[in-house]
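Down below is the structure, laid out as structure tokens.
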Amino acid sequence: MSLHGKTAIITGSTSGIGLGIARRLAGAGANILLNGFGAAAAIDAIKAELSALGAKVSYSPADLTKAEQVRAMVAQAVSELGGADILVNNAGIQHVAPIEEFPDDKWDAIIALNLSATFHAVKAALPAMKAKGWGRIVNIASAHGLVGSPHKAAYVAAKHGLVGLTKVIALETANDGVTANAVCPGWVLTPLVEQQIADRARANGSSVEQERVALLSEKQPMHQFSTPDNLGDLVLFLASDAAASITGAALSVDGGWTAQ
Ligand code: NAD
């Protein structure tokens, strides 16, 4: 699957799933607009790794909770890399607490990043996609875009919203050469999940390994984590011509979580 000549914006690609997606798309020949937080040396190392795959790479430090920075990131992809052909809305954060104790600022931050940033990015990127008559939008939602869990009010609300937003984008772009799909992972072992495991181990007085097993077996019939590479492979497929008529879908990669 060749993506030569295409430019991919991947939000939150300095870590975890986003980095896995960036590696796959760069490997297929796409130019990459990296985004996310991290130490300068770590980001330089990622840029060097992706460049070695043959990709032209730019980095945007945009804080995507701010709409004007989302727009600047999309404009940077167009001006420095020649387009915004593939937009992967991946950056996300989590906070776990019962609703009565859920901090208002955490609610606002999760809705801003996990939901509103995608609206602003899609709004900014669609004109460039429509002008070329080709575009791919992939929104990294979650099993929590399809079902709920206690103590994740903001995350579940944002991810359900993201699945709904994906359907509207697909309907509005159905005849523009653009597809929009949501990907709904179950557990993927990344820093976002390592944090939840560490918090549980602290709260329950158990070991990290015990909590890893417990986390998986509570939700997933398949007791193993997906990997960022697994997600990268699916996004690469969705970006390819083979997936030209897949749009408006919410694709589960969840070890059977939402089959129950
Ligand atoms: P991660 O913590 O490893 O990476 C998150 C990325 O987002 C990082 O690059 C970080 O710098 C970036 N980021 C955070 N705040 C940002 C901001 N304000 N502006 C721009 N970038 C910001 O997380 P991950 O596990 O790779 O998660 C990636 C996506 O996958 C998230 O949307 C998450 O909800 C979703 N997801 C993860 C899992 C899982 O099990 N890990 C499961 C389902 C869905």
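Heads up: the sequence shown is residues -4 to 255, going by my numbering.
Heads up, the beta-carbon is just placed ideally off N, CA and C, and yes, glycines get one too.
Report task. Return yes when at least one heavy atom of ligand 1 lies under 7 Å from the C-beta of G251, else no. Result -> no
* Asked: Helix, strand or coil for N85 per DSSP?
  -> Correct three-state label for N85: coil.
Q. Using the C-alpha atoms, what's the distance from G49 back to L110?
A. 32 Å
Q.
Could you tell me which whole alpha helix (DSSP H) segments of length 4 or greater appear in the stretch 151 to 220?
A. 186 to 199, 203 to 214
| message | I need the boundaries of the alpha helix (DSSP H) containing V117, first residue and last residue. | response | 112 to 127
Can you check DSSP and say which residues form a bridge with V133? V83, N176
Measure the CB-CB distance between V83 and A3 and report whether it falls below 8 Å. yes
Where the alpha helix (DSSP H) containing I5 begins and where it ends:
Careful: I5 lies outside any alpha helix (DSSP H), inside the beta strand (DSSP E) at 2 to 5.
Give me the Cα-Cα distance between A86 and G200, rounded to the nearest whole angstrom. 31 Å
* To do: Within the same chain, show all residues whose beta-carbon is closer than 7 Å to that of A104, passing over the 5 residues directly before and after it, in chain order.
  => Once the five neighbours on either side are set aside, the close Cβ partners of A104 are T60, I88.
For P223, which option in L(-2), G13, I5, A138 has the closest C-alpha, if you only look at C-alpha atoms? G13
Which listed residue (G172, A47, P93) has its alpha carbon closest to that of I241: Minimum Cα distance to I241 is reached at G172.
* To do: With hydrogens ignored, establish whether the beta-carbon of P186 is closer than 7 Å to any heavy atom of ligand 1.
  => yes
Q. Considering only the beta carbon of each residue, do V178 and L246 sit closer than 8 Å?
A. yes
Please confirm whether any heavy atom of ligand 1 lies closer than 7 Å to the CB of L28. no
Practice item. Evaluate contact between the stretch 140 to 154 and the stretch 92 to 102, counting only Cβ atoms and requiring at least three cross-stretch pairs below 8 Å. Key: yes
- prompt: In whole angstroms, what separates the C-alpha of V142 from that of I5?
  reply: 25 Å
Buried or exposed: S10, going by 16 or more other Cβ atoms within 10 Å of its Cβ?
buried
Should L166 be labelled buried (16 or more other beta-carbon atoms within 10 Å of its own) or exposed?
Taking all protein chains in view, the Cβ of L166 is surrounded by fewer than 16 other Cβ atoms within 10 Å, so the residue is classified as exposed.
- [ ] Give me the Cα-Cα distance between I321 and S53, rounded to the nearest whole angstrom.
- [x] Given that the chain is displayed from residue -4 to residue 255, the structure contains no residue 321 and the question cannot be resolved.
*DSSP beta-bridge partners for V248?*
P180
As a quick exercise: from L(-2), G15, A35, pick the residue whose alpha carbon is nearest that of K51.
L(-2)
Pull up the DSSP beta-bridge partners for K147, would you. A92
Note to self: On the criterion of 16 or more Cβ atoms from any shown chain inside 10 Å, does P145 qualify as buried, or is it exposed?
What the structure shows: exposed
| task | Report the three-state DSSP secondary structure of T76 (helix, strand or coil). | result | The question names Thr, but residue 76 is Leu in the sequence shown. Note: L76 maps to helix in three-state DSSP.
Near N26, which residues of its chain fall below 6 Å by C-beta distance, leaving aside the five closest residues on each side in sequence? T2, A50, K51, L76
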